[in-house]
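The structure under discussion appears below in the form of structure tokens.
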Amino acid sequence: MTDEIRTVVRDHARLAVDVDSLSDDTDLYQAGMTSHASVNVMLALENAFDVEFPDHMLNRSVFESVSAIRHAIERVQEGIA
Amino acid sequence: MTVRVGIDLVDVDDIRQALAAHGQRYLERVFTPGEIADCGGPSAPRPDRLAARFAAKEAAFKALRCSDVLVFQEIEVVTDARGAPTLALHGRTAALAATGRRVELDVSLTHERDLAAAVVAITTLEPEGAPA
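Protein chains in written order, with our numbering: chain U, 360 to 440; chain E, 19 to 150.
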């Protein structure tokens, strides 16, 4: 899952640096992701993992790192979001 | 009385690329039906006008001090009878805004071919931290 998340981040987050140079816990907003780019990331994640993030999960903190995104997807997939 | 302001600048090309990548899903997750109608409709959305509205949403989140929120439909740019833009708040954002004695919410939009910007000002009767 982490590799797929990194692919989505690479293609849609428009970071100032290569995502492969970042750890799973690096703050993606600090790495250059804007709020608008995070919308693109969210939509691309929904496509890649066939999920839909509910409105109450649409916070910057949910998309702030690769590990936070993985945790959020797992919650949605397990139906506990 | 307290005045809080928020400002945001958007690259119109970011909107063009999001429309190309995600199409209708992007429009419907970020903008309200009224905003989409004001920006050319779902079949021919104008990226410059959408960019100005996205800037207004971000500016409003900043002015409201709730920039963690990514539910952009909760901030809606509504055009009044004179053609001037105003803001309508919905959902969590409206609830957050209601915690202060807000008396006025103003927005100004601008866009050129490549860039769009917005400024939002919120005037409240109580100073920061005072009970409403």
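From the three backbone atoms N, C-alpha and C, an ideal C-beta is built for every residue, glycine too.
Residues of its chain near residue i, where Cβ-Cβ distance is below 8 Å and the 5 sequence neighbours each way are ignored
i: U/Gln-436; result: Phe-408, Val-410
i: U/Asp-386; result: Glu-423, Ser-424
i: U/Val-421; result: Phe-412, Ala-427, Ile-428, Ala-431
i: E/Ala-112; result: Glu-92
i: E/Pro-103; result: Ala-74, Val-95, Val-96, Thr-97, Val-125, Ser-126, Leu-127
Rounded separation between residue i and residue j - CA only
i: U/Arg-369; j: E/Arg-43; result: 20 Å
i: E/Val-137; j: E/Ile-25; result: 4 Å
i: E/Val-21; j: E/Asp-98; result: 23 Å
i: E/Ala-134; j: E/Arg-34; result: 13 Å
i: E/Gly-59; j: E/Glu-53; result: 8 Å
i: E/Phe-72; j: E/Val-23; result: 16 Å
i: U/Asn-418; j: E/Thr-50; result: 19 Å
i: E/Ala-55; j: U/Glu-405; result: 25 Å
i: E/Asp-132; j: U/Glu-363; result: 32 Å
i: E/Glu-18; j: U/Leu-381; result: Residue coverage of chain E in this structure runs from 19 to 150, which leaves residue 18 of chain E outside it and unanswerable.
i: E/Ser-61; j: E/Gly-101; result: 23 Å
i: E/Leu-37; j: E/Thr-142; result: 37 Å
i: E/Arg-83; j: U/Tyr-388; result: 17 Å
Extent of the continuous beta strand (DSSP E) run through residue i
i: E/Asp-26; result: 20-29
i: U/Glu-363; result: First-last for U/Glu-363: 361-371, but that is the alpha helix (DSSP H), not the beta strand (DSSP E).
i: E/Pro-103; result: 103-107
i: E/Ala-133; result: Checking the sequence, you will find Leu at residue 133 of chain E rather than Ala. Element bounds for E/Leu-133: 133-142.
Within-7 Å CB hit, residue i to chain U
i: E/His-156; result: Only positions 19 to 150 of chain E appear in this structure, which leaves residue 156 of chain E out of reach.
i: E/Ala-36; result: yes
i: E/Asp-86; result: yes
i: E/Val-30; result: no
i: E/Arg-83; result: no
i: E/Val-89; result: yes
i: E/Arg-67; result: no
i: E/Arg-43; result: yes
Beta carbon proximity, residue i to chain E, threshold 7 Å
i: U/Asp-414; result: yes
i: U/Arg-419; result: yes
i: U/Leu-402; result: yes
i: U/His-395; result: yes
Beta-carbon proximity list for residue i, same chain, < 6 Å, skipping 5 on both sides
i: U/His-371; result: Asn-399, Val-400, Ala-403
i: E/Arg-67; result: Cys-57
i: U/Val-378; result: Arg-365, Val-368, Arg-369
i: E/His-108; result: Glu-92
i: U/Arg-373; result: Ala-396
Endpoints, alpha helix (DSSP H) assigned at residue i
i: E/Ala-78; result: 65-82
i: E/Glu-94; result: Careful: E/Glu-94 lies outside any alpha helix (DSSP H), inside the beta strand (DSSP E) at 93-97.
i: U/Gln-436; result: 425-436
i: E/Asp-55; result: According to the sequence shown, residue 55 of chain E is Ala rather than Asp. From DSSP, the alpha helix (DSSP H) with E/Ala-55 extends over 51-56.
Rounded distance between the beta-carbons of residue j and residue i, thought under 8 Å
i: E/Thr-65; j: E/Val-96; result: Checking the sequence, you will find Pro at residue 65 of chain E rather than Thr. No, E/Pro-65 and E/Val-96 are not in contact; Cβ-Cβ is about 20 Å, not under 8 Å.
i: E/Leu-127; j: E/Ala-70; result: 4 Å
i: E/Val-48; j: E/Phe-90; result: 5 Å
i: U/Ala-390; j: U/Val-376; result: 6 Å
i: E/Leu-105; j: U/Ser-394; result: Going by Cβ atoms, the distance from E/Leu-105 to U/Ser-394 rounds to 17 Å, so no, they are not a contact pair.
Same chain, Cβ closer than 7 Å to residue i, neighbours up to 5 away in sequence not counted
i: U/Asp-383; result: Thr-361, Ser-424, Val-425, Ser-426
i: E/Lys-75; result: Phe-90, Ile-93
i: E/Ala-77; result: Gly-24, Ile-25, Asp-26, Ala-136, Val-137, Val-138
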